[in-house]
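S.K.: Numbering (the numbering used here), first residue to last: 839 to 916.
Got a structure here, written out as structure tokens. Questions coming.
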């Protein structure tokens, strides 16, 4: 599954950062691959990575305001 694609031109030694947002459908290890094309040197065109997707995420809610006893906070499942 393709998470995203950018078409860019870079000069020699130029660096740029690109962000891809994905929503994994299951927990555990999520594997991915980045493919860079367009130059003559093929051995460095594919980069593999693994991301660990936890079963649950801990969220800390910090506020400077004192909440009232009637206030109920619900963040929902992530």
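Each residue gets a CB set at the ideal place from its N, CA and C atoms; glycine is no exception.
Since this is a predicted model, take the numbers as computed values, not measurements.
Could you pull the DSSP bridge partners for residue 868 from this structure?
M.R.: In the chain shown, the residue the question calls residue 868 occupies position 30. DSSP output for residue 868 lists 889 as bridge partner(s).
S.K.: For residue 872, collect the residues of the same chain with a Cβ closer than 6 angstroms to its Cβ; drop the 5 residues on either side in sequence, then sort them by chain order.
M.R.: Indexing the chain shown from 1 puts residue 872 at position 34. Here the set comprises 885.
S.K.: Less than 8 angstroms between the beta carbons of residue 846 and residue 839, yes or no?
M.R.: Taking the chain shown and counting its residues from 1, the one referred to as residue 846 is at position 8. Taking the chain shown and counting its residues from 1, the one referred to as residue 839 is at position 1. Against a cut-off of 8 angstroms, the Cβ pair of residue 839 and residue 846 comes out as no contact.
S.K.: Please name the residue or residues paired with residue 884 in a DSSP beta bridge.
M.R.: Stepping through the chain shown from its first residue, residue 884 is reached at position 46. 873.
S.K.: Am I right that residue 891 and residue 862 are in contact with their C-beta atoms under 8 angstroms? What's the rounded C-beta distance?
M.R.: In the chain shown, counting from the first residue as 1, residue 891 sits at position 53. In the chain shown, counting from the first residue as 1, residue 862 sits at position 24. Yes, they are in contact, since the Cβ atoms of residue 891 and residue 862 sit about 5 angstroms apart, within 8 angstroms.
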